[in-house]
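Peer 1: When you line the sequence shown up against mature numbering (1 follows the signal peptide of the UniProt record, and there is no 0), it's residues -24 to -1, 1 to 142, in that order.
For every residue, glycine included, the Cβ atom is placed at its ideal position computed from N, Cα and C.
Since this is a predicted model, take the numbers as computed values, not measurements.
Take a look at this one; I'll ask things after.
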Amino acid sequence: MGGLLKRMAAGLAALACWIGAAQADDLAALDFMTGQWRGTGEAAGAEEWWSPAAAGTKVAAFRWTQGERFIVAELVIISAEEDGIYLRFKHFNADYSVWEEDAPLAYHLVSADGERAEFRLIEPNPRVPAALIYQGLGEELRFRGTNAPDADSHPDDLVLTFERAR
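Below, the structure is given as structure tokens:
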């Protein structure tokens, strides 16, 4: 009986390693986001920095200013967890007060192919987009916050285009 338990434990350990490797591969599909990005057009004054994946996470900082006026900052964490990959973030004012008093906004990764990633909102909230879509276009990164993720575009979409700064 002891041999059977040892084999079962070894099998579970191997499964855990395999699951961890699959999650790391999924984060690798988000590598196109890594780098420092500067907003163009309507996103002028916006900057975003994405870290490489490490320890099952990617981290980003976002800042948007207009001239001398601070608009918003965000801290974003993408984490590989047992049941999927999640993007969570909070908005910050210049005095470090937060827009979301309780939990961060949370999205679940529904697709990623190395050039595009789509996250869907977990808890419905009419004040925020139902989906966040990142699209890598060579030296550009396009962000789309939308309530119509299955359409090519929607008049209420927030679309920000960034060019690679580094």
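As an exercise, report each continuous beta strand (DSSP E) stretch of at least 3 residues that is fully enclosed by the region 71 to 125, in chain order.
Peer 2: Runs found: 81 to 88, 92 to 97, 107 to 113 and 116 to 122.
Peer 1: Using a Cβ-Cβ cut-off of 7 Å (strictly less than) and excluding sequence neighbours within five positions of residue 124, which residues of its own chain qualify?
Peer 2: Excluding positions up to five away in sequence, the list reads 130.
Peer 1: Taking the DSSP output, what are the residues bridged to residue 51?
Peer 2: Residue 51 pairs with 37 and 66.
Peer 1: Are the beta-carbon atoms belonging to residue 13 and residue 138 less than 8 Å from one another?
Peer 2: Their beta carbons are under 8 Å apart, which means residue 13 touches residue 138 by this criterion.
Peer 1: Taking the alpha carbon of residue 10 as the point to measure from, which residue in 91, 127 and 134 has its own alpha carbon closest?
Peer 2: Nearest of 91, 127 and 134 to residue 10, Cα basis: 91.
Peer 1: If you count every other CB in all the chains shown that lies within 10 Å of the CB of residue 93, and 16 or more means buried, which is it?
Peer 2: When all chains shown are included, residue 93 counts as buried.
Peer 1: Can you tell me which of the three DSSP states residue 21 falls into?
Peer 2: The answer is coil: DSSP assigns residue 21 none of H, G, I, E or B.
Peer 1: Do you know offhand how far residue -1's Cα is from residue 111's?
Peer 2: Residue placement at residue -1 cannot be trusted, given a pLDDT of 46 that sits under 50; what the coordinates show is reported in the next sentence. So the two alpha carbons sit approximately 20 Å from each other.
Peer 1: So who's on the other strand from residue 142, going by DSSP bridges?
Peer 2: In DSSP, residue 142 forms no bridge with anything.
Peer 1: Using a Cβ-Cβ cutoff of less than 6 Å, which residues in the same chain neighbour residue 120 once the five nearest sequence positions on both sides are dropped?
Peer 2: So the qualifying residues of the chain are 109, 133 and 135.
Peer 1: With residue 11 as the anchor, note down where its beta strand (DSSP E) starts and where it stops.
Peer 2: Residue 11 -> beta strand (DSSP E) spans 11 to 16.
Peer 1: Assuming residue 122 contacts residue 106 (C-beta within less than 8 Å), just tell me the rounded distance between them.
Peer 2: Yes, they are in contact, since the Cβ atoms of residue 122 and residue 106 sit about 7 Å apart, within 8 Å.
Peer 1: Under 7 Å Cβ to Cβ from residue 33, same chain only, skipping five residues before and after it: list those, please.
Peer 2: So the list reads 53, 54 and 55, once near-sequence residues are dropped.
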